[in-house]
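Numbering (my numbering), first residue to last: 264 to 647.
Positions of the beta carbon are idealized from the N, C-alpha and C atoms, including for glycine.
The structure presented is a predicted model; accordingly, all values stated were derived computationally and were not measured.
Inspection log for the structure reproduced underneath, given as structure tokens.
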Amino acid sequence: MNLPYVEHIKKFTTKPVVCAGRMQPDAAAEAIARGGIDAMGVGRQLLCDPEFITKIREDRLADVRPCIACHGACLPFNGLNGKGTDIDPMHVEMGRCVLNPRTNNETKYSNAPAKTPKRIAVIGGGIGGMETAIQASLRGHRVDLYEKTDRLGGVFNAAAAMSFKEKDRELLEWYKRSLQKSGAAVHMNTEIGDIERLDADIVVIATGAHAKKLRIPGAERAITAADFLDGRAEAGDRVVIIGGGLTGCEIAYELALSGKHPSIVEMTEHLVGAKGICMANSSMLRELLRFHKVPAYLNSSCESITDGGVVIKTPEGEKAIPADTVILSVGYSPDERFSSLKEKKNRTKQEKEIYFIGDCDKVGSLKTVIKQAYELVQKISYGK
Ligand SMILES: Cc1cc2nc3c(=O)[nH]c(=O)nc-3n(C[C@H](O)[C@H](O)[C@H](O)COP(=O)(O)OP(=O)(O)OC[C@H]3O[C@@H](n4cnc5c(N)ncnc54)[C@H](O)[C@@H]3O)c2cc1C
């Protein structure tokens, strides 16, 4: 993204000029060949995959774990403190990586073979299930992963669907490739109902979460964010998005980019106010929405959904907003299919160990899901 500016600077100096900022090796090679810059600088991508340079040299670019520029662990602060008012000093973090918890934690997360290889069944092929299967296989466990649909990636497919999420789509491809290379046996279109029948010492439940619904008149007229993003439902021209968190705001931006007319209704006083989202990302998104003149009704709640739109309660009183489509983006609740097992002290009748990870344990993000998978494999492999 900085290349044109850095090439311009090079015209005014005899010193070597290095360009950084989401540089891709092919673009860098071209720029160096034409004399536009002297070298490529790499920061975040090296935190994400420390073997980046080795993989370029060995012509293994498809093996590079792609940095998605989420900034969830590499940048010094994570923005608003959840109340949307200030920077939270408790969430200062630096030089780590959401996608690679081993970065700057190399002694905490060992790569050595497991002391006692186990038979592990992973239920769910979302990011949580895939990460667990990859990490466990790499340590010598025998892993079977069961996914009920014909698609790996779970809810992250919806997250990656927007036009500007090309790096998220690359990440999904990287997960599928890494899972295949890991040697784990993957059973697609296989819904697990009874875990007693699984041939395993350990069962890892990673079944994700379900979209929350609103209990308001006309709620059935709305579509969910995932329905829209996965292409199961289309949006008309005037779209009201209920929920101004990260997903709701990204959908509004995507709709604005495609020439549609979105509005956002948000209960709190801030858009993208959740804890843990880097300010570089959240403030940019707010700026983009302002640039595209997307109306945002803050401190407002949706009272009802009608044939012609929504009725909302704002601090100034009730207001009707006309809409062709209403998209609900009000969060997720953990899948409860296996939750009764949580009370059984992590054991089944056949003494299988059971663990819950990812959104089915507590709805989170890539950061929480991937970290949980690493910590679980660490515990299973080395007992700590
Ligand atoms: C629209 C959207 C945007 C998001 N954007 C971001 C973002 O930008 N950054 C970020 O960090 N996080 C984001 N998140 C959150 C992040 O994607 C999730 O926290 C994470 O992907 C959850 O992974 P998971 O493996 O726990 O669950 P899931 O992805 O839900 O995977 C669960 C899998 O289990 C399968 N399954 C369920 N029951 C069974 C069964 N009985 N047998 C077999 N298989 C079963 C399901 O089919 C599914 O594939 C977003 C979420 C959404 C919904």
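Please report how far the alpha carbon of LEU435 lies from the alpha carbon of GLY306, in whole angstroms. 22 Å
So if DSSP puts LEU591 in a beta bridge, which residue, or which two residues, is it bridged to? Looking at the DSSP output, LEU591 shares a beta bridge with THR487 and ILE505.
For HIS628, verify whether its CB is less than 8 Å away from any heavy atom of ligand 1. Per the sequence shown, the amino acid found at residue 628 is Ser instead of His. Correct: SER628 has its Cβ closer than 8 Å to ligand 1.
Please classify THR412: does DSSP put it in a helix, a strand, or coil? coil
Can you tell me the Cα-Cα spacing of PHE315 and GLY298, whole angstroms? 24 Å
Indicate the three-state DSSP secondary structure (helix, strand or coil) for VAL574 in the structure shown. strand
Determine which residues share a DSSP beta bridge with VAL281 and list them. ALA302
Taking 8 Å as the threshold, find out whether the stretch 393-412 comes into contact with the stretch 446-455 through three or more Cβ pairs. They touch, by the three-pair rule.
Measuring straight from C-alpha to C-alpha, what distance separates VAL281 and ILE272? Going by the C-alpha atoms only, they are around 10 Å apart.
Grab me the residues of ALA283's own chain with a C-beta within less than 8 Å of its C-beta, minus the 5 sequence neighbours each way, in chain order. ASN265, MET303, GLY304, VAL305 and GLY306
Can you tell me where the alpha helix (DSSP H) holding HIS271 begins and where it ends? Run containing HIS271: 266-273, per the alpha helix (DSSP H) assignment.
To the nearest angstrom, how far is the alpha carbon of ASP679 from that of ASP622? The structure shown has nothing for residue 679, since the chain only spans 264 to 647.
Per-residue DSSP class, three states only, for ARG307: helix
Nearest-angstrom Cα separation, counted from ALA463 out to ARG414: 23 Å
Is CYS311 near ligand 1 - that is, is its Cβ less than 8 Å away from at least one heavy atom of it? No, the beta carbon of CYS311 sits no closer than 8 Å to any heavy atom of ligand 1.
Could you tell me if the beta carbon of LEU604 falls within a distance shorter than 8 Å of some heavy atom in ligand 1? no
Could you give the DSSP three-state label for ARG328: helix, strand or coil? coil
Could you check where the beta strand (DSSP E) with ILE468 kicks off and where it finishes? 465-468
I want to check one thing, is the minimum distance from the CB of CYS565 to the heavy atoms of ligand 1 below 8 Å? no
Collapsed DSSP secondary structure at GLY621 in the structure displayed: helix
Can you have a look at THR279 and say buried or exposed, based on whether 16 or more other CB atoms are within 10 angstroms of its CB? Thr is not the amino acid found at residue 279; the sequence shown has Pro there. The residue is exposed, with fewer than 16 neighbouring Cβ atoms inside 10 Å.
Which word fits PHE419, buried or exposed, when buried means at least 16 other C-beta atoms lie within 10 angstroms of its C-beta? buried
Tell me which residues share the same chain as LEU492 and place their Cβ nearer than 6 Å to its Cβ, disregarding the 5 neighbours each side in the sequence. In the same chain as LEU492, and ignoring 5 residues on each side of it, the C-beta atoms closer than 6 Å to its own belong to ALA421 and ALA424, in chain order.
Opposite HIS450 in the DSSP bridges: which residues? TYR409
Inter-residue Cα distance where the pair is THR370 and GLU293: 38 Å
Leaving out five residues before and five after ARG549 in sequence, what residues of the same chain have Cβ atoms less than 6 Å from its Cβ? Only LEU534 meet the Cβ criterion.
Just to confirm, is the Cβ distance from SER592 to LYS576 under 9 Å? no
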